[in-house]
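Step one of this worksheet: look at the structure below.
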Amino acid sequence: MRTDVIVVGGGGCGLAAAAQLGRGGARVLVLDRDEAERNRRAPEGGLLLPGTPDGPSRLRASLGEERAASIETVAERGRSHLLACGRAVEGTILLVPYNTVERDELPAALHPYGASPAGSRWPAGTMSVPSGWVEPADTLDALAGAARAAGAVLRGGVEVRRIDATPDGCRVAGADGGILESETVLLAAGLGARPLSGAASAHLYPCRGQACDAPPGLGRVQPLGAVRRWGHEEYRFLPDRTTLLAWNPQTRGEDVVEAPAYAEAFERHAIASASEWLGPLRPPSARSRRAAAFAWPRDGLPLAGPESGNARVWIAAGFMSRSLTFGVGCGLAVADAILGRRDALPPVLAPRRVEA
2 MRTDVIVVGG
12 GGCGLAAAAQ
22 LGRGGARVLV
32 LDRDEAERNR
42 RAPEGGLLLP
52 GTPDGPSRLR
62 ASLGEERAAS
72 IETVAERGRS
82 HLLACGRAVE
92 GTILLVPYNT
102 VERDELPAAL
112 HPYGASPAGS
122 RWPAGTMSVP
132 SGWVEPADTL
142 DALAGAARAA
152 GAVLRGGVEV
162 RRIDATPDGC
172 RVAGADGGIL
182 ESETVLLAAG
192 LGARPLSGAA
202 SAHLYPCRGQ
212 ACDAPPGLGR
222 VQPLGAVRRW
232 GHEEYRFLPD
242 RTTLLAWNPQ
252 TRGEDVVEAP
262 AYAEAFERHA
272 IASASEWLGP
282 LRPPSARSRR
292 AAAFAWPRDG
302 LPLAGPESGN
312 ARVWIAAGFM
322 SRSLTFGVGC
332 GLAVADAILG
342 RRDALPPVLA
352 PRRVEA
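According to the working numbering, the sequence shown is numbered sequentially starting from 2.
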């Protein structure tokens with residue numbers, strides 16, 4: 002059956018878009034590689050709110066007034082939508098390389114914890130902020146339920162290989178040889194959009210994250226939009242009083258690998274720093290250390306809107322890199338724009354800026 006919109010990607014952005022499109026009367030089909038893939042992605046999007054209390058001002062400083070305002074506008078939509086899924090507020094330690102002084106001083110601070118010269122590759126500073134969090138897997142389940150309730154059909158086990166324009170829409174080809182047709186396609190697949198989209202895809206590159214998982218929680222790996230390619234360390238209490246440590250180093254796109262890349266000295270330093278704020282902490286009881294890759298537009302701004310070469314193919318990328326809030330807000334805004342409310346998306350996010 003021909004649908005109005007095919008959404009490629011069943012993460013927060015794609016599911017929120019599907020729900021909004023369905024509520025607007027569109028016939029929607031969501032394609033994802035499989036349910037297990039969605040669950041594996043869940044740990045990457047637990048941050049509900051911007052990572053710093055002064056996030057908007059930091060965005061203005063790094064992106065400019067208009068661009069920062071566009072990010073905040075979309076984030077606010079996701080914020081209000083996610084609150085309905087439930088959230089928890091916890092203390093968080095973020096270690097972010099804000100300036101060269103902190104970068105230069107950190108290696109010396111690491112020596113008492115057994116740092117090797119390699120530790121100097123990972124500069125950081127410390128701060129403590131309250132952040133809002135959601136349980137990512139539960140939230141994605143809630144978003145999937147909302148999409149189904151709005152009439153969207155969710156289909157797992159479909160790997161999209163090709164999207165072609167037709168006289169009256171799009172043809173989507175799966176790896177299994179199946180062909181689907183729709184009037185519009187929304188690419189909300191993160192890095193998976195690179196081989197599927199047009200010129201905009203060349204401006205997406207991966208950002209690597211490493212997580213140390215401690216049961217029963219899952220690792221959250223979240224680069225901060227304000228610092229763009231720099232990394233940060235995140236330290237949390239889990240319900241059973243074990244702890245979690247996550248690290249997102251600065252890296253080139255071609256350096257993204259699945260192998261662990263953790264510094265024990267940095268880990269000990271983070272524990273000591275966090276203990277100053279949160280009290281004595283037990284060392285992380287790591288079961289696994291995994292890599293996660295995010296789609297990150299080269300200019301630091303998300304891509305959201307139709308591709309200039311094919312107005313029936315829309316892309317939404319770069320929001321989940323900041324937080325689940327941004328991803329969901331992006332999905333809602335893009336859906337509204339597809340439904341005809343073109344003012345729902347700030348023009349500064351349009352893919353044509355990188356396609357010119």
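Positions of the beta carbon are idealized from the N, C-alpha and C atoms, including for glycine.
Checklist line | Minimum Cβ-Cβ distance from G26 to chain E less than 8 Å | finding: The structure shown contains no chain E; it holds only a single protein chain.
Next item on the list: Mind reading off the beta-carbon distance from A189 to G332? Whole number of angstroms is fine, and I expect it under 8 Å.
Entry: 7 Å
Notebook entry, point to check: What residue range is occupied by the uninterrupted beta strand (DSSP E) comprising G175?
Noted result: G170 to G175
Check: Name the DSSP bridge partner or partners of E182?
Finding: R172
Next item on the list: Could you check which residue in A176, D177 and V159 has the C-alpha nearest to that of L30?
Entry: V159
Next item on the list: Would you decide whether G79 is buried or exposed? Buried here means 16 or more other CB atoms lie within 10 Å of its CB.
Entry: buried
Note to self: Just to confirm before moving on: does the CB-CB distance between A400 and G310 stay below 8 Å?
What the structure shows: Outside the displayed span of the chain (2 to 357) sits residue 400, for which this structure offers no information.
Check: Got a sec, what are the start and stop residues for the alpha helix (DSSP H) R24 sits in?
Finding: G13 to R24
Note to self: So, with DSSP's three-state summary, where would you put L346?
What the structure shows: coil
Check: Cβ atoms of L340 and A27: under 8 Å apart, would you say?
Finding: yes
Item checked: Through-space distance from G306 to A338, alpha-carbon basis -> 8 Å
Next item on the list: Rounded to whole angstroms, what's the CA-CA distance from A17 to R156? Just pull it up for me.
Entry: 15 Å
Notebook entry, point to check: Using a Cβ-Cβ cut-off of 8 Å (strictly less than) and excluding sequence neighbours within five positions of T185, which residues of its own chain qualify?
Noted result: D5, V6, I7, G170, C171, R313, V314, W315 and I339
Item checked: Backbone CA spacing between V9 and T140 [nearest angstrom] -> 19 Å
Notebook entry, point to check: With distances taken from CA atoms, which of L187, A70 and R162 is nearest P196?
Noted result: R162
Notebook entry, point to check: P168 to S183, Cα distance in whole Å?
Noted result: 11 Å
Check: Taking the alpha-carbon positions, what's the G330 to A336 distance?
Finding: 10 Å
Next item on the list: Write down the C-beta distance between V349 and P298 rounded to the nearest angstrom, noting that I regard them as a contact closer than 8 Å.
Entry: Actually they do not touch by this definition, with Cβ atoms about 12 Å apart.
Margin query: For S71, tell me which candidate among D33, G191 and P303 has the shortest Cα-Cα distance.
Written below: P303
Checklist line | Whole-number beta carbon distance between A317 and C14, since they are thought to touch under 8 Å | finding: 5 Å
Checklist line | Cα-Cα separation, H82 to G191 | finding: 21 Å
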